[in-house]
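Asks: Residue numbers (the working numbering): 8 to 363.
Don't be surprised by glycine CBs; every beta carbon is placed ideally from N, CA and C.
From a predicted model like this one, the values you see are computed outputs, not experimental measurements.
(1) At a cut-off of 7 Å, would you count residue 88 as near the ligand ADP, judging by its Cβ distance to the nearest heavy atom?
(2) Express the C-alpha separation of residue 112 and residue 194 in angstroms, rounding to a whole number.
(3) CB-CB under 7 Å to residue 147, same chain, minus the five flanking residues each way: which ones, in chain order?
(4) Using a 10 Å radius around the Cβ and a threshold of 16 neighbouring Cβ atoms, would you call residue 235 buried or exposed?
(5) Determine, using beta carbons only, whether residue 239 comes closer than 8 Å to chain B.
(6) Could you pull the DSSP bridge partners for residue 73 from this structure?
(7) Identify every residue that forms a DSSP beta bridge with residue 178.
(8) Does residue 378 pass the burial test, meaning 16 or more other C-beta atoms within 10 Å, or should it be called exposed?
(9) Locate the alpha helix (DSSP H) running through residue 129, then write down its first and last residues.
(10) By how many angstroms is the C-alpha of residue 218 removed from the C-alpha of residue 156?
(11) Is there contact between the segment 333–349 and the segment 133–140, where contact requires at least three CB pairs shorter than 8 Å?
(12) Under the three-state reduction of DSSP, which class applies to residue 172: helix, strand or coil?
(13) Since residue 115 and residue 106 are thought to touch, with beta carbons under 8 Å apart, how far apart are those beta carbons, to the nearest angstrom?
(14) With respect to the alpha helix (DSSP H) encompassing residue 258, which residues constitute its N-terminal and C-terminal limits?
(15) Throw me the rounded Cβ distance for the residue 222 and residue 210 pair, which I believe falls under 8 Å.
(16) Using the DSSP secondary-structure output, state which residues sit across from residue 221 in a beta bridge.
(17) For residue 189 versus residue 241, is the C-beta spacing smaller than 8 Å?
(18) At the level of alpha carbons, what is the spacing between residue 220 and residue 95?
(19) What does DSSP give as the partner residue(s) for residue 150 in the beta ladder?
(20) Would you check if the distance between the CB atom of residue 103 and the CB atom of residue 123 is smaller than 8 Å?
(21) Excluding the 5 residues preceding and the 5 following residue 352 in the sequence, name in chain order all residues of the same chain whose CB lies nearer than 7 Å to its CB.
(22) Would you kindly work out how many angstroms separate the C-alpha atoms of residue 32 and residue 299, rounded to a whole number?
(23) Could you give the C-beta distance for residue 207 and residue 98, rounded to a whole number, given that I count them as a contact under 8 Å?
(24) I need the straight-line Cα distance from residue 216 to residue 173, nearest angstrom please.
(25) Measuring only the C-alpha atoms, how far is residue 317 from residue 162?
(26) Residue range of the alpha helix (DSSP H) that residue 287 falls in?
(27) Taking all protein chains shown into account, do 16 or more other C-beta atoms lie within 10 angstroms of the C-beta of residue 226, making it buried, or fewer, making it exposed?
(28) Give every residue of the same chain whose Cβ lies closer than 6 Å to the Cβ of residue 185, excluding the five residues on either side of it in the sequence, and list them in chain order.
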């Protein structure tokens, strides 16, 4: 596949914040035994994890966490101020950083510019396979957030017609891997398609101004384009991976109790959002600048928030299908790196504790 050159806007990394570890935290760190993924010493999914050590604890002066329009629960938590309520007495300030896409969240996690960030499952696996020391500590959704989109007047109605065409997609995100899977299913050599590597919102703009023939879109931006007349000509929920909530290993080592608080609050937000879909849609509309009708479509039709938050075999089954694509496209050096990442990525203990 030809990737058109682009200059992505990278969030500048900042020095790692000083964290004050208590004596109990040292015990927790020893119990965790979480080390860098390059060393290959991480425990596999299902082992004893940070969230399982109820006696451990650590404090930080700041929790840096992302919010994203593709993660409705993050928007609810930010709007309601629940993390601030939980952490004020602990003397912890909450710093919210917006992620424009999974790739941006992964950049910030790798630079330790955020402690916890939300991505698609495919993007989390890609980052881990390329050496980013992150762990998936919870699931926030099982969405149908990707599809292939064309303008209203396009003659393209089938994936096979993308051969020789220009398609916008954000490399390193679920829409990009959705596109790859769709092409392979249709028998189109990815090398015969030129991908314009654009951030999601820029992909919509390129579609609407005629710079590309199609766009592999992401909600809620995609739902807005659909309302404006664009056509979702190919949908396949099986090609969408789950919404993963990821944390840096250093953060889990130093602040396991703080990580547990975040996962607990996510479950509070899940319960509230399921009971209040109209208000959840309004929050999304306000943050994303969408019409309420569009936001309602995203929340009620294409965002399944009612999922088990514990990452496990169901997610591995999906990622095992996506992993070989990373190697085929040259995004990961070999299958061994993918397999190692699959064995190290998931840390279910926090979500298990949250739902007890």
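Replies: Working from what's here:
(1) As presented, the structure is devoid of all ligands, the ligand ADP included, so that no description of it is given.
(2) For this step, residue 194 is matched to residue 187 along the chain shown. For this step, residue 112 is matched to residue 105 along the chain shown. If I take the Cα positions, the gap works out to 32 Å.
(3) Here the question's residue 147 lines up with position 140 in the chain shown. Hits under 7 Å: 78, 80, 125, 250, 252, 273.
(4) Position 228 of the chain shown, counted from the first residue, corresponds to residue 235. The residue in question, residue 235, is exposed, as its Cβ has fewer than 16 Cβ neighbours within 10 Å.
(5) Looking for chain B here will not work: only one protein chain is present.
(6) Taking the first residue of the chain shown as position 1, residue 73 is located at position 66. Answer is 104.
(7) As a first step, residue 178 must be located in the chain shown, where it is residue number 171. Looking at the DSSP assignment, residue 178 forms no beta bridge with any residue, so it has no partner.
(8) The first residue shown for the chain is 8 and the last is 363, placing residue 378 beyond what the model contains.
(9) By 1-based counting over the chain shown, the position of residue 129 is 122. Residues 128–136.
(10) Along the chain shown, one-based indexing puts residue 156 at 149. Along the chain shown, one-based indexing puts residue 218 at 211. Cα-Cα distance, rounded: 14 Å.
(11) yes
(12) One-based indexing of the chain shown puts residue 172 at position 165. DSSP, reduced to helix, strand and coil, places residue 172 outside both helices and strands of the structure shown, so it counts as coil.
(13) Residue 115 sits at position 108 when you count from the first residue of the chain shown. Residue 106 sits at position 99 when you count from the first residue of the chain shown. Confirmed, Cβ separation roughly 7 Å.
(14) Within the chain shown, residue 258 is the residue found at index 251, counting from 1. Where residue 258 is concerned, the enclosing alpha helix (DSSP H) stretches over 256–261.
(15) In the chain shown, the residue the question calls residue 222 occupies position 215. In the chain shown, the residue the question calls residue 210 occupies position 203. The Cβ separation is near 5 Å, so the contact holds.
(16) Position 214 of the chain shown, counted from the start, is the residue given in the question as residue 221. Note: residue 221 sits in a beta bridge opposite 174.
(17) As a working mapping, residue 189 is identified with position 182 in the chain shown. As a working mapping, residue 241 is identified with position 234 in the chain shown. It is a contact, given that the beta carbons lie within the stated cut-off.
(18) The residue you call residue 220 lines up with position 213 of the chain shown. The residue you call residue 95 lines up with position 88 of the chain shown. Near 50 Å, if we compare the C-alpha coordinates of residue 95 and residue 220.
(19) Locating residue 150 in the chain shown gives position 143, where the first residue counts as 1. Beta-bridge pairing links residue 150 to 310.
(20) As a first step, residue 103 must be located in the chain shown, where it is residue number 96. As a first step, residue 123 must be located in the chain shown, where it is residue number 116. Contact: no.
(21) As a working note, residue 352 is residue 345 in the chain shown. 131, 132, 135, 142, 143, listed in sequence order.
(22) Your numbering for residue 32 matches position 25 in the chain shown. Your numbering for residue 299 matches position 292 in the chain shown. Confidence at residue 32 is low in this model, with a pLDDT of 34, below 50, so its placement is unreliable and no value can be given for it.
(23) Locating residue 207 in the chain shown gives position 200, where the first residue counts as 1. Locating residue 98 in the chain shown gives position 91, where the first residue counts as 1. That belief does not hold up - the Cβ atoms of residue 207 and residue 98 are roughly 36 Å apart, past 8 Å.
(24) Translated into the one-based positions of the chain shown, residue 216 becomes position 209. Translated into the one-based positions of the chain shown, residue 173 becomes position 166. Going from the Cα of residue 216 to the Cα of residue 173 covers about 13 Å.
(25) Along the chain shown, read from residue 1 onward, the residue named residue 317 stands at position 310. Along the chain shown, read from residue 1 onward, the residue named residue 162 stands at position 155. Residue 317 and residue 162: Cα-Cα distance of roughly 43 Å.
(26) Here residue 287 corresponds to residue number 280 of the chain shown, with the count starting at 1. From DSSP, the alpha helix (DSSP H) with residue 287 extends over 284–295.
(27) Looking up residue 226 in the chain shown gives position 219. Result: buried.
(28) Your numbering for residue 185 matches position 178 in the chain shown. So the list reads 153, 223, 246, once near-sequence residues are dropped.
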